[in-house]
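Step one of this worksheet: look at the structure below.
Residue numbers (our numbering), protein chains in the order written: chain A, 8 to 320; chain B, 212 to 628.
Listed below in structure tokens is the structure:
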């Protein structure tokens with residue numbers, strides 16, 4: 008091999024006083040880097056709030072039983088440390104042969120909002136933002152146009168010229184929210200409940216944009232719940248206190264319903280407008296209603312196939 | 212004394228490529244007092260943005276004015292616009308390589324460098340919008356869980372990063388060959404240039420599909436969204452490049468820019484009208500048809516139930532777009548003594564497109580909400596700081612990239628392709 012130093016066209020010229028310039032540039036680069044570290048120092052505080060184990064945790068579906076037990080123990084310890092609450096977090100799985108559906112009797116619902124309140128407490132929502140998975144729309148009689156409705160109504164209910172339309176997650180059979188999630192942090196379980204792995208969600212809120220029923224909520228801040236108000240009966244995919252920066256949603260209270268109880272909103276309803284059950288059970292109340300009442304679903308034209316029905320007497 | 216680095220032919224790329232990067236960076240940080248002042252200002256703005264973002268991560272996104280009703284705001288608005296800017300850079304490539312415009316060949320790299328800076332900004336805007344940026348790795352293929360091909364967002368990740376790599380390769384290769392003093396080998400870049408044309412269109416199409424695939428959001432649920440995105444991208448991209456070239460000519464004395472400026476101006480003359488035509492078509496469908504689908508458009512243009520936060524934005528955008536269109540239609544705009552007017556027209560078209568794609572497209576998609584609540588959104592100070600920080604960073608990347616390419620731009624004939 009010969010190295011021929013052929014006279015070539017000038018490439019990049021090198022300026023004079025290389026070392027002095029290098030020193031000045033180095034000094035400014037160091038200054039800039041230092042300023043940058045100082046600017047992002049609040050991140051240290053954020054890092055303190057999450058452990059290496061949490062950072063490394065894999066997707067719910069990939070956790071072995073032992074890993075799941077470790078994760079749950081860690082989450083319970085965190086609840087004690089951050090909220091001073093003794094909680095038990097279960098990993099409730101769907102019961103085979105079950106498909107949960109919900110129905111609301113609009114002839115009976117009077118807009119008292121007890122369901123909204125019960126949901127708020129049952130699911131350990133942030134007290135400040137007064138969050139709930141349920142919104143009740145007060146609608147003028149004679150229209151189904153939600154634009155004419157109001158979710159912020161006040162005064163005594165029911166008003167004569169109004170009817171009331173509670174909306175929560177419809178647990179769609181074709182859920183647009185699940186399709187759009189870029190990281191598979193949300194999925195539909197065998198019993199029809201759409202869930203979120205709060206430890207996998209990256210907080211992009213694409214699902215919130217995709218949902219036609221405004222059923223998803225984002226944790227804009229760390230939820231604050233006083234220790235004595237924390238509901239200690241929790242489940243990994245349901246009402247455990249959510250981390251900041253992730254999306255959450257109604258799970259038909261799977262920590263209750265998968266244990267044979269009814270959703271909190273149903274128990275709280277004073278008018279008996281709410282019916283919940285297993286549609287695969289031919290003898291169930293809900294099956295009878297769906298077969299015998301005038302039933303409809305919301306935004307049917309979008310093809311989301313809700314597992315949430317409305318009916319009139 | 213001025214020495215010259217002359218890499219020998221036999222030197223391995225393993226040693227000469229890092230040398231090239233080092234030399235380029237060294238050269239890119241050389242400059243006049245004005246250059247240092249400019250970079251210092253950008254650094255300061257970037258640091259303000261970085262600090263605001265760090266506070267947002269530490270305190271939660273409650274610091275933004277977004278809500279469950281309006282769950283995307285200024286960040287995603289800017290992201291959408293930046294995708295357009297990146298795609299618009301390709302308008303340098305098309306005349307150069309499809310129509311064999313020799314003058315364009317010499318400066319085509321400006322558009323590619325703009326694309327690189329714009330994509331970097333896109334990625335930063337997405338990260339700024341994440342509630343859990345620490346879980347960013349969940350989005351990576353293989354080690355995370357990639358919901359491909361169902362989620363449009365995963366498609367977007369692929370096309371944006373692919374476009375970034377494509378442009379890095381093309382620019383890197385051309386500049387590196389120049390550093391080595393060799394003639395670039397067309398087989399190593401022409402196929403990639405051709406691919407980048409298709410790819411540029413794909414990035415903006417996929418980004419439009421992100422929105423128009425959502426059945427529950429009638430304002431976005433229109434087949435015209437992707438073509439509209441492209442039309443406005445082919446206004447904002449060339450507009451930015453024209454202004455850059457006017458500045459480059461002024462500040463560095465690089466010649467041969469007048470004809471490319473004229474070519475891009477002619478392109479904008481067409482695309483700005485196509486864009487306005489599409490806006491008009493959409494408005495006709497919305498307002499003449501009426502029904503409940505018109506609410507978002509009504510809110511955008513006239514306000515709804517007394518809520519009017521977006522109305523000033525909209526009419527500003529319309530005013531800027533229409534005025535810019537009229538200016539571009541005027542043949543005298545290309546005369547040298549009307550350069551300031553050309554720059555003004557470009558700035559108007561650019562800002563008009565920014566509003567139209569951002570505050571005029573993303574926000575009204577959420578107002579009224581899917582349950583028809585009207586919750587208004589005005590970006591918070593924190594959001595503005597982060598946004599300005601990312602823009603400053605993008606301009607820094609662009610400035611450095613242009614400085615790296617200056618020797619090539621100054622002596623284009625040496626490696627004429």
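In this text, a Cβ means the ideal position worked out from N, Cα and C, and glycines have one as well.
Handout entry: Cα-Cα separation between residue 266(A) and residue 194(A), rounded to whole angstroms
Key = Those two C-alpha atoms are separated by around 21 Å.
Problem - Closer than 9 Å to chain B by CB, residue 158(A) - result: Interface residue (Cβ-Cβ distance to chain B less than 9 Å): residue 158(A) is classified as such.
Practice task
Anything in the segment 49-62 of chain A with a Cβ closer than 7 Å to a Cβ of chain B? List those residues in chain order, please.
Solution key: Listed by position along the chain: 49, 50, 52, 53, 57 and 62.
Practice task
Run down chain A in chain order and give the residues with a C-beta less than 8 Å from the C-beta of residue 347(B).
Solution key: Those within 8 Å of residue 347(B) in chain A are 209.
Exercise for the section: From the DSSP output, in three-state form, read off residue 173(A) for me. Expected result: Look at residue 173(A) here: in three-state DSSP terms it is strand.
Problem - Contact with chain A by residue 401(B), beta-carbon distance below 9 Å - result: No, its Cβ sits nowhere closer than 9 Å to a Cβ of chain A.
Problem - Environment of residue 225(B) [buried if 16+ CB atoms lie within 10 Å] - result: Residue 225(B) should be labelled exposed.
Practice task
Rank 67(A), 38(A), 236(A) and 206(A) by C-alpha distance to the C-alpha of residue 344(B) and give the top, closest one.
Solution key: Looking only at 67(A), 38(A), 236(A) and 206(A), the smallest Cα-Cα distance to residue 344(B) is reached by 206(A).
Practice task
Can you have a look at residue 308(A) and say buried or exposed, based on whether 16 or more other CB atoms are within 10 angstroms of its CB?
Solution key: Answer is exposed; the Cβ neighbour count stays below 16.
Practice task
With DSSP collapsed to three states, give me the class of residue 74(A).
Solution key: Note: residue 74(A) maps to helix in three-state DSSP.
Handout entry: Whole-Å CB distance - residue 601(B) paired with residue 332(B), under 8 Å assumed
Key = In this structure residue 601(B) is in contact with residue 332(B), their Cβ atoms being roughly 6 Å apart against a cut-off of 8 Å.
Exercise for the section: Report, in whole angstroms, the separation of the C-beta atoms of residue 285(B) and residue 616(B), which I expect to be a contact under 8 Å. Expected result: About 31 Å; that fails the 8 Å criterion.
Exercise for the section: Evaluate residue 543(B) with the Cβ neighbour count: other Cβ atoms within 10 Å of its Cβ, from every protein chain shown; 16 or more gives buried, anything less gives exposed. Expected result: Burial state of residue 543(B) is exposed, judged by a 10 Å Cβ sphere holding fewer than 16 other Cβ atoms.
Exercise for the section: For residue 578(B), decide whether its Cβ has a neighbour in chain A, counting only Cβ atoms nearer than 9 Å. Expected result: Taking Cβ atoms only, chain A never reaches closer than 9 Å to residue 578(B), which makes this a no.
Problem - Reduced DSSP category for residue 89(A) - H, G, I as helix; E, B as strand; rest coil - result: Looking at residue 89(A) - three-state DSSP - the assignment turns out to be helix.
Exercise for the section: Go ahead and pull the three-state DSSP assignment for residue 136(A). Expected result: When DSSP states are grouped into helix, strand and coil, residue 136(A) belongs to the coil group.
Practice task
Tell me the start and end of each unbroken alpha helix (DSSP H) in the segment 449-502 of chain B that is at least 4 residues and wholly inside, in chain order.
Solution key: If we require 4 residues or more, the alpha helix (DSSP H) runs fully inside the segment 449-502 of chain B come out as 469-500.
Problem - Within-9 Å CB hit, residue 356(B) to chain A - result: Against chain A, the CB of residue 356(B) has a partner CB under 9 Å away; the residue lies at that interface.
Problem - residue 215(B) to residue 245(B) span [Cα, whole Å] - result: With a pLDDT of only 47 at residue 215(B), under the threshold of 50, the placement of this residue in the model should not be trusted; the figure read from the coordinates follows. So the two alpha carbons sit approximately 26 Å from each other.
Practice task
Sort out for me which residues DSSP pairs residue 195(A) with in a bridge.
Solution key: Answer is 201(A).
Handout entry: Nearest neighbour of residue 259(B), chosen from 477(B), 525(B), 599(B) and 605(B) [CA to CA]
Key = For residue 259(B), the nearest C-alpha among the options comes from 599(B).
Exercise for the section: Taking residue 429(B) as the reference, give the member of 238(B), 590(B) and 580(B) with the closest Cα. Expected result: Here the closest residue by C-alpha is 580(B).
Practice task
For my contact list, residue 214(A) and residue 188(A) are in at a C-beta cut-off of 8 Å; report their separation, rounded to the angstrom.
Solution key: At roughly 6 Å, the Cβ-Cβ gap stays under 8 Å, so residue 214(A) and residue 188(A) are in contact.
Problem - Chain-ordered chain B contacts of residue 186(A) [CB-CB under 7 Å] - result: Within chain B, the residues whose beta carbon sits less than 7 Å from that of residue 186(A) are 361 and 362, listed in sequence order.
Practice task
Give the straight-line distance between the Cα atoms of residue 469(B) and residue 460(B), rounded to the nearest whole angstrom.
Solution key: Their Cα atoms are separated by approximately 9 Å.
Practice task
Pick out whichever of 397(B), 384(B), 595(B) and 328(B) has its Cα sitting closest to the Cα of residue 375(B).
Solution key: Minimum Cα distance to residue 375(B) is reached at 328(B).
Exercise for the section: Please confirm if residue 317(A) has its CB atom under 9 Å from at least one CB of chain B. Expected result: No - not a single Cβ of chain B is within 9 Å of the one on residue 317(A).
Problem - For residue 237(B) and residue 9(A), the rounded distance between their alpha carbons - result: The predicted position of residue 9(A) is uncertain, since its pLDDT is 43 and thus under 50; a value taken from the coordinates is nonetheless stated next. Taken atom to atom, the span from the alpha-carbon of residue 9(A) to that of residue 237(B) is near 30 Å.
Problem - residue 502(B) burial status per 10 Å Cβ neighbour count (16 or more: buried) - result: Exposed.
Exercise for the section: Determine, using beta carbons only, whether residue 164(A) and residue 120(A) come nearer to each other than 9 Å. Expected result: Cβ atoms of residue 164(A) and residue 120(A): closer than 9 Å.
Exercise for the section: Output yes if chain B places a C-beta closer than 9 Å to the C-beta of residue 216(A); else output no. Expected result: Contacts with chain B at 9 Å (Cβ-Cβ) include residue 216(A).
Exercise for the section: Work out the CA separation of residue 275(A) and residue 62(A) for me, nearest whole Å. Expected result: Looking at the two C-alpha atoms, the distance is approximately 38 Å.
Practice task
Whole angstroms is fine: what's the gap from residue 263(B)'s alpha carbon to residue 270(B)'s?
Solution key: Computed Cα separation, rounded: 10 Å.
Problem - Coil, strand or helix - residue 111(A) by DSSP - result: In this structure, DSSP gives residue 111(A) an extended state, which the three-state scheme calls strand.
Problem - chain B within 9 Å of residue 311(A), Cβ atoms only - result: Cβ-Cβ to chain B under 9 Å: yes for residue 311(A).
Practice task
Kindly list, in the order they appear in chain A, the residues whose Cβ is closer than 7 Å to that of residue 272(B).
Solution key: Going along chain A in sequence order, the residues near residue 272(B) (Cβ under 7 Å) are 227 and 252.
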